[in-house]
Amino acid sequence: MRVVNIGPDPSLAYRPILDLEQKDKDKTEYRNFESGSLIDRVYNTYKLMHTNQTLDFVKQKHSEWSGCGHAQMEVMEAVISLDQLVDESDPDVDFPNSYHAFQTAEGIRREHPHKDWFQLVGLIHDIGKIMALSGEPQWAVVGDTFPVGCRFQNGIVFRGSTFVDNPDDKNPAYNSECGIYKPNCGLDNVLMSWGHDEYLYRVMKFNKCTIPEEGLYMIRFHSFYPWHSHGDYMHLCDDKDMRMIPWVREFNKFDLYTKTTELPDIEKLKPYYQSLIDKYCPGVLKW
Ligand code: INS
Numbered sequence: 001m002r003v004v005n006i007g008p009d010p011s012l013a014y015r016p017i018l019d020l021e022q023k024d025k026d027k028t029e030y031r032n033f034e035s036g037s038l039i040d041r042v043y044n045t046y047k048l049m050h051t052n053q054t055l056d057f058v059k060q061k062h063s064e065w066s067g068c069g070h071a072q073m074e075v076m077e078a079v080i081s082l083d084q085l086v087d088e089s090d091p092d093v094d095f096p097n098s099y100h101a102f103q104t105a106e107g108i109r110r111e112h113p114h115k116d117w118f119q120l121v122g123l124i125h126d127i128g129k130i131m132a133l134s135g136e137p138q139w140a141v142v143g144d145t146f147p148v149g150c151r152f153q154n155g156i157v158f159r160g161s162t163f164v165d166n167p168d169d170k171n172p173a174y175n176s177e178c179g180i181y182k183p184n185c186g187l188d189n190v191l192m193s194w195g196h197d198e199y200l201y202r203v204m205k206f207n208k209c210t211i212p213e214e215g216l217y218m219i220r221f222h223s224f225y226p227w228h229s230h231g232d233y234m235h236l237c238d239d240k241d242m243r244m245i246p247w248v249r250e251f252n253k254f255d256l257y258t259k260t261t262e263l264p265d266i267e268k269l270k271p272y273y274q275s276l277i278d279k280y281c282p283g284v285l286k287w
C-alpha cells in the first residue's frame, strides 16, 4: 500500500493541547497563576496591563471606543472572528476564543434551558475582544479587570509584582482606599481598567440591544475577579451591585469551568444561537 504523507492531522491545528486528562480537570486546577505551560505569556500580559492601565489611559480609551465608530458587523460575525484570537492572559485556554464562546453558552444551556438571554450572554460575553483584531494590544483588551483611580487591592492577580511601574500606584490622589470615589458610589460610577467587558457593554447599550439588565451586568463585570471571586472593592458597591453579584457568580461558573479541550462543533450550533441573536441583538451593529 502506498502511504501518502499529508502532514499532521489538520483537525489538530486548533487543538494544540489536546490532552485527554484536561477534560476532567478538577475545579482547583483552574486559574493557576503560579505555574503551568502558559505562565510566562500570562505574566507578561498582566505586567504590561498593570503598568499601563492608569486613570488617564482608561479615560482616553473610553473616548476612543465608546462612540462605536470603528466597524459595522453582525454579532455572529464578531463571534466567529474570535477564531483569530488566542487570549494571552488566560492560563486555562490555548485555543481560539470562538470555541470558548460556544463552550460557555452550551454549559449555560444545559443548566438553564429556559433562559435564552443567559445562553446568549454566554456566547457573546467575550466578543469585545475584537478590539485586539483592530490593533489594540492584548493588555488593553483581555484579562481580569479592576478599578482605576483608587488603590489596587490584593485580589488582583500578580498584585505584588506588576504595579511597581504604574504611576497611579504612587499617586496619593489615586492610591487611597476610595481614591477619587465616594464610599458605596456604585460600580456604575467607577472606571474599570479598559477591556472587552466595558467595551461590549457599551456596544450593547449603543445599539439598544434588549438583553435584560442582569445579562448586561454579567457582560460588564464578568472579568472583575477581585470583586466577584475575592470580595475586594465591596466598599464601592451600592445596593444594585449587591443584587447583581449572584448573577455574575452564576455566570462565572460556566465561563470558567467549561474551559476544556473538548471543542464544540460550531457549525452545528450556529443556527440555534443565530435565533437568539435575532431576538436580542439583531442585524448589523455599530462597534
Ligand atoms: C476572563 C477572565 C480571564 C481572562 C480573560 C477574560 O473573563 O478574566 O482570567 O484571561 O481574558 O475574558
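Under UniProt numbering, the first residue of the sequence shown is numbered 1, with each subsequent residue one higher. Just so it is clear, CB atoms sit at the ideal spot from N, CA and C, and this is done for glycine as well. As the structure is a prediction and not an experimental result, all values here were calculated from the model.
Contact between Asp-197 and Thr-145 is confirmed by a C-beta separation of about 6 Å, below the 8 Å threshold.
In this structure, Leu-256 is the residue among Leu-256, Leu-269, Lys-268, Trp-287 with its C-alpha nearest to the C-alpha of Asp-26. Around the beta carbon of Val-164, a 10 Å sphere encloses fewer than 16 other beta carbons of the protein chains shown; the residue is thus reported as exposed. With respect to Met-49, Trp-139 sits close: the two C-beta atoms are nearer than 7 Å.
For the segment 195 to 277, the continuous alpha helix (DSSP H) assignments of 4+ residues that do not extend past its boundaries occur at 196 to 206, 213 to 221, 225 to 228, 239 to 257, in sequence order. Shortest Cα-Cα distance from Thr-51 to any of Arg-220, Asp-168, Gln-119, Asp-238 involves Asp-168.
Judged by the Cβ position, Val-142 qualifies as a neighbour of ligand 1 at the 6 Å threshold, a heavy atom of the ligand being closer than this. Within the segment 63 to 139, the runs of beta strand (DSSP E) that reach at least 3 residues and sit entirely inside it are, in chain order, 72 to 74. Inclusion of Lys-129 and Asn-97 in the CB contact set at 7 Å is warranted, their separation being smaller than that value. Counting along the chain, Lys-47 sits inside the alpha helix (DSSP H) bounded by residues 39 to 52. For Asp-126, the shortest separation between its Cβ and any heavy atom of ligand 1 lies below 6 Å. Beta-bridge annotation (DSSP): Lys-286 is paired with Gln-72. In this chain, the alpha helix (DSSP H) harbouring Arg-159 covers 159 to 162. Distance from the CA atom of Glu-74 to the CA atom of Leu-200, rounded to whole angstroms, is 13 Å. Val-190 counts as buried, since at least 16 other C-beta atoms from the protein chains shown sit within 10 angstroms of its C-beta. Taking C-alpha positions only, Cys-237 is separated from Lys-253 by approximately 22 Å.
The beta carbon of Asn-166 lies closer than 8 Å to those of His-50, Thr-51, Asn-52, Gln-53, Thr-54, Phe-152 in the same chain, with the five residues before and after it left out.
Look at Asp-232: its beta carbon is at least 6 Å from all of the heavy atoms in ligand 1. With a beta-carbon spacing of about 13 Å, Phe-221 and His-230 fall beyond the 8 Å limit used to define contacts. For Lys-47, the closest alpha carbon among the candidates Cys-281, Thr-162, Phe-118 is that of Thr-162.
A distance of 7 Å or more separates the beta carbons of Leu-123 and Tyr-280.
Inter-segment contact for the segment 109 to 127 and the segment 63 to 79 is present: three or more beta-carbon pairs are separated by less than 8 Å.
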